[in-house]
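For the record, the sequence lines run as chains S and F.
Numbering-wise, the working numbering puts 642 at position 122 of the first sequence, and it's gapless, one number per residue.
Numbering-wise, the working numbering puts 735 at position 215 of the second sequence, and it's gapless, one number per residue.
Protein chains: 2
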Amino acid sequence: MIELARAEPAEPGNRRGSLVDEAYAALKAAIRSTEFPPGYQGSEQEIAVRLGMSRTPVHEAIIRLQVEGLVRVLSKRGVLICPLALDDVREIYEVIIAVEAMAAELLAGLSTEQRSSAADELEAATAAMEQGLAQDDLAAWAEADDAFHRLLVERCGNGRLLRIAQTVTDQAHRARMLTLRLRSRPTRSARAHRALIEAIRSGEPGEAHRRARAHRVSARDELLPLIEKVGLRHI
Amino acid sequence: MIELARAEPAEPGNRRGSLVDEAYAALKAAIRSTEFPPGYQGSEQEIAVRLGMSRTPVHEAIIRLQVEGLVRVLSKRGVLICPLALDDVREIYEVIIAVEAMAAELLAGLSTEQRSSAADELEAATAAMEQGLAQDDLAAWAEADDAFHRLLVERCGNGRLLRIAQTVTDQAHRARMLTLRLRSRPTRSARAHRALIEAIRSGEPGEAHRRARAHRVSARDELLPLIEKVGLRHI
DNA sequence: CCATTCGTTCTTCCATGGAAGATTCCATGC
DNA sequence: GCATGGAATCTTCCATGGAAGAACGAATGG
Numbered sequence: 521m522i523e524l525a526r527a528e529p530a531e532p533g534n535r536r537g538s539l540v541d542e543a544y545a546a547l548k549a550a551i552r553s554t555e556f557p558p559g560y561q562g563s564e565q566e567i568a569v570r571l572g573m574s575r576t577p578v579h580e581a582i583i584r585l586q587v588e589g590l591v592r593v594l595s596k597r598g599v600l601i602c603p604l605a606l607d608d609v610r611e612i613y614e615v616i617i618a619v620e621a622m623a624a625e626l627l628a629g630l631s632t633e634q635r636s637s638a639a640d641e642l643e644a645a646t647a648a649m650e651q652g653l654a655q656d657d658l659a660a661w662a663e664a665d666d667a668f669h670r671l672l673v674e675r676c677g678n679g680r681l682l683r684i685a686q687t688v689t690d691q692a693h694r695a696r697m698l699t700l701r702l703r704s705r706p707t708r709s710a711r712a713h714r715a716l717i718e719a720i721r722s723g724e725p726g727e728a729h730r731r732a733r734a735h736r737v738s739a740r741d742e743l744l745p746l747i748e749k750v751g752l753r754h755i
Numbered sequence: 521m522i523e524l525a526r527a528e529p530a531e532p533g534n535r536r537g538s539l540v541d542e543a544y545a546a547l548k549a550a551i552r553s554t555e556f557p558p559g560y561q562g563s564e565q566e567i568a569v570r571l572g573m574s575r576t577p578v579h580e581a582i583i584r585l586q587v588e589g590l591v592r593v594l595s596k597r598g599v600l601i602c603p604l605a606l607d608d609v610r611e612i613y614e615v616i617i618a619v620e621a622m623a624a625e626l627l628a629g630l631s632t633e634q635r636s637s638a639a640d641e642l643e644a645a646t647a648a649m650e651q652g653l654a655q656d657d658l659a660a661w662a663e664a665d666d667a668f669h670r671l672l673v674e675r676c677g678n679g680r681l682l683r684i685a686q687t688v689t690d691q692a693h694r695a696r697m698l699t700l701r702l703r704s705r706p707t708r709s710a711r712a713h714r715a716l717i718e719a720i721r722s723g724e725p726g727e728a729h730r731r732a733r734a735h736r737v738s739a740r741d742e743l744l745p746l747i748e749k750v751g752l753r754h755i
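Now the structure itself:
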């Protein structure tokens, strides 16, 4: 692992590709993939040489990541990749429950066209989940499940809610990957998704709220004991 | 307005007072007080000289403020103090509704001691609201109301929820100040607060959720038309 | 053998200078 | 009078150097 992958400026008609953005994306990817494992402590200097840039853009990218809660910078000692304790995962799930329930409610309150269009997209994602499951491709299932939940918040019409959901989802990514192989085959998810889609399609905000909430609550109640059982100090 | 107020390092046993933190606090205060009005566009250089420091810590503070959504930095053109449109206030309220309802629910699910202690604090804040109202001191009322809602999220045991609530509350501060004098005397708030406190004290998460939510929903439904009526392009 | 002190080294923090992009405004041409 | 071109000026963006602080280890004293 000599160097970190830099986002390629593939497009010749280069858009706003600043070094800070590059460093931010590369670091986030490295954290997600556990190339930088939780608890790892490195220096900005080291990251800078790996990315082939100077310390400044790395420093600024790390500020962003710190605000978003992915890393902590320990004064004069380096940057720490935040490990997740069980309580962190619990907190994250509580946020997700609140945010997605609200998003589903808002989505179900939009116009018929918007609801219908969103419901179609959600249905496609759910179908992709089932296909992944049928082929025993858990990675594909997880990706489609992610897409479903991302769509739910993207289409609700509240950008702040979307941003919050993305931030906590990023934090939870490692825990999600860990439990993916530990839990039993997630066959009930598709059913819950379809029930939610129906409430959205027919425009019932209250029912959409309840179903989105119940779906995430049961996910939490299944995953938290699982994480506790494996007894990891942190993820 | 020659210079911005810098947070004084009054305490001689100086804690971790970095220039970045100073700049961050000073800028946030200046934005809240509309010393930097919404839509204002300034340069980091200008802010740096006003604060009596170099450009670097100002630049880094601005990155933090940008992530939190208070400012936007326009490449090579300066930093913009984000104005709030009606839709922004709507978004913010939707977030607050979801977050506070969850916080109230969590709080009502804590141990009897924690609930009781929190309920006492919430009751004190509510009493302060009534006193402010009795003396026609709207500023005092608003401060106590802020304290109530801050306490609610502080005591729920979820740090991420707290951080989210603080971020959106910061964004909404100007709108709140604007509508404070426009709306009718907020006499019903104290009653709603007491109902919520009772649900918390007696440990009813579902009821606490509903009451916290209803309280913020009615606030939104009162304030949004008010803002629309004054017809401000942005706040 | 253990505790303490001091020096070395590594880190972030902050200042500053140069580069490149965006805007403004004035001169020029028609 | 009006559009156009271009220079001057402003801005952020990035690199780099020095300063201060934290951690580590070796030398020293008991």
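Just so you know, even glycine gets a beta-carbon here, dropped at the ideal spot from N, CA and C.
Values in this document were obtained by computation on a predicted structure and should not be read as measured data.
Chain-order list of residues whose beta-carbon lies under 7 Å from that of residue i (same chain, five-residue window excluded)
i: Leu746/S; result: Thr699, Leu702, Arg703
i: Arg733/S; result: Ile617, Ala621
i: Ala550/S; result: Leu524, Phe556
i: Gly677/S; result: Leu626, Leu630
Neighbouring residues, chain S, relative to residue i (Cβ below 7 Å)
i: Leu679/F; result: First, the amino acid is wrong: residue 679/F is Gly here, not Leu. By Cβ distance, chain S contributes Glu611.
i: Leu698/F; result: Simply none; closest approach about 19 Å.
i: Leu626/F; result: Glu614
Sequence-distant residues of the same chain with beta carbon closer than 6 Å to residue i, five excluded per side
i: Ala660/S; result: Gly652
i: Ala667/S; result: Ala645
i: Leu743/S; result: Thr699
i: Glu588/S; result: Thr687
i: Arg708/F; result: none
Chain S contact for residue i (CB, 8 Å cutoff)
i: Arg584/F; result: yes
i: Met573/F; result: no
i: Ile617/F; result: yes
i: Ala621/F; result: yes
i: Glu555/F; result: no
i: Val688/F; result: yes
Chain F contact residues for residue i, given Cβ-Cβ distances below 8 Å
i: Val673/S; result: Within chain F, no residue comes near Val673/S; the closest Cβ sits about 11 Å away, beyond 8 Å.
i: Glu542/S; result: Within 8 Å Cβ-Cβ: nothing; Glu542/S doesn't reach chain F, min ~15 Å.
Integer-rounded CB distance, given that residue j should sit under 8 Å from residue i
i: Val615/S; j: Arg736/F; result: Going by Cβ atoms, the distance from Val615/S to Arg736/F rounds to 17 Å, so no, they are not a contact pair.
i: Leu627/S; j: Arg675/S; result: 6 Å
i: Ala715/F; j: Arg740/F; result: Incorrect: roughly 18 Å between the Cβ atoms, too far for contact.
i: Leu604/S; j: Pro558/S; result: 7 Å
i: Ala545/S; j: Pro577/S; result: Rounded, the Cβ-Cβ distance is 12 Å, inconsistent with contact.
i: Leu590/S; j: Asp690/S; result: 7 Å
i: Glu564/S; j: Arg552/S; result: About 19 Å separates the two Cβ atoms, so there is no contact after all.
Neighbour flag for residue i against chain F, beta carbons, 8 Å
i: Ile684/S; result: yes
i: His735/S; result: no
Residue of the options minimising C-alpha distance to residue i
i: Met649/S; options: Val569/S, His713/S, Pro725/S, Asp541/S; result: His713/S
i: Ile582/S; options: Gly572/S, Ala739/S, Lys548/S; result: Lys548/S
i: Ala695/F; options: Ala550/F, Ile717/F, Asp665/F, Arg610/F; result: Arg610/F
i: Ile720/S; options: Leu682/S, Gly751/S, Glu625/S; result: Glu625/S
i: Arg639/F; options: Leu752/F, Ser722/F, Gln565/F; result: Looking at the sequence provided, one finds Ala at residue 639/F rather than Arg. When only C-alpha atoms are compared, the closest one is Ser722/F.
i: Gln586/S; options: Ala623/F, Arg683/F, His693/F, Val673/F; result: Arg683/F
i: Leu672/F; options: Arg705/F, Ser636/F, Ala654/F, Gln655/F; result: Ser636/F
i: Leu642/S; options: Ile717/S, Ile755/S, His693/S; result: Ile717/S
i: Thr632/S; options: Ala654/S, Pro725/S, Ser738/S, Ile755/S; result: Pro725/S
i: Tyr613/F; options: Arg584/F, Ser738/F, Arg711/F; result: Ser738/F
i: His669/F; options: Ala685/F, His729/F, Glu566/F; result: Ala685/F
i: Ala728/S; options: Glu580/S, Ala623/S, Ile567/S, Val540/S; result: Ala623/S
i: His579/S; options: Asp541/S, Thr554/S, His693/S; result: Asp541/S
i: Ala568/S; options: Arg592/S, Leu539/S, Arg584/S; result: Leu539/S
i: Ala664/S; options: Arg705/S, Glu566/S, Ala710/S; result: Ala710/S
i: Met697/S; options: Glu748/S, Gln655/S, Ala662/S; result: Ala662/S
i: Ala514/S; options: Arg584/S, Asp608/S, Glu566/S, Arg592/S; result: The structure shown has nothing for residue 514/S, since chain S only spans 521 to 755.
Closer than 7 Å: residue i CB and nearest the ligand MG heavy atom
i: Ala568/F; result: With respect to the ligand MG, the structure shown offers nothing to examine, as it has no ligands at all.
Close beta carbons around residue i, own chain, < 8 Å, minus the five adjacent residues each side
i: Leu658/F; result: Gly652, Leu700, Arg701
i: Pro529/F; result: Caution applies to Pro529/F, whose pLDDT of 49 falls short of 50 and renders its modelled position unreliable; the value that the coordinates give is listed next. Counting only Cβ-Cβ distances below 8 Å, and skipping sequence neighbours, we find Gly537.
i: Gln561/S; result: Leu594, Arg597, Gly598, Val599, Leu600, Ile601
i: Met573/S; result: Leu539, Glu542, Ala543
Beta-carbon neighbours of residue i, restricted to chain F and to distances below 9 Å
i: Glu588/S; result: Val587
i: Glu718/S; result: In chain order: nothing, as chain F lies at least about 22 Å away.
i: Glu580/S; result: His579, Glu580, Ile583
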